[in-house]
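Taken in order, the sequence shown gives residues 6 to 106; the numbers are from this note's numbering.
These notes are about the structure you will find just below.
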Amino acid sequence: MSIMKSSTAFGEDQAFDQDVDGPQDNMENALGDVPNVPRELKNRVHSLEDQISAIYDVVAKDAALSAGAMEHVIVSRPLMSAAIAFGLGCAFGLVLRPARR
């Protein structure tokens, strides 16, 4: 939830919307400008775009559900969440520390 609020505060959501619409328009323009592109290739490109869009929707939905579940666990058990974060930080610190010689 806070990620969405911070992105709208900076106006990044508008830039994201422009980026999402841009590549599709560029692909149609690129294929439309080339005279020897077969109709089948254009249809396959559009089919791939549709499949990628569907996969993106599924992944975005799963990510939103996961973030909501994670937020619920963190809010309901703040001390355990802090202890786990501290433990993971210590473990990564030990793993990433340069070797002594």
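Beta carbons: idealized from backbone N, C-alpha and C, even for Gly.
>> Considering only their Cβ atoms, is the gap separating residue 79 from residue 71 smaller than 8 Å?
In response: Within the sequence shown, residue 71 is the residue found at index 66, counting from 1. Within the sequence shown, residue 79 is the residue found at index 74, counting from 1. No, the Cβ-Cβ distance between residue 71 and residue 79 is not below 8 Å.
> Can you tell me where the alpha helix (DSSP H) with residue 104 in it begins and where it stops?
Replying inline: Working through the sequence shown from its first residue, we reach residue 104 at position 99. According to the DSSP assignment, residue 104 belongs to no alpha helix (DSSP H), since it is labelled neither H nor E.
>> Distance check for residue 44 and residue 61, CA to CA, integer angstroms please.
In response: The count along the sequence shown starts at 1 and reaches residue 61 at position 56. The count along the sequence shown starts at 1 and reaches residue 44 at position 39. Cα to Cα, residue 61 sits roughly 26 Å from residue 44.
> By DSSP, does residue 43 sit in helix, in strand, or in coil?
Replying inline: Within the sequence shown, residue 43 is the residue found at index 38, counting from 1. Residue 43 falls in the coil class under three-state DSSP.
> How many angstroms separate the CA atom of residue 59 from the CA atom of residue 53?
Replying inline: Against the sequence shown, residue 59 aligns to sequence position 54. Against the sequence shown, residue 53 aligns to sequence position 48. The alpha-carbon atoms of residue 59 and residue 53 are separated by roughly 10 Å.
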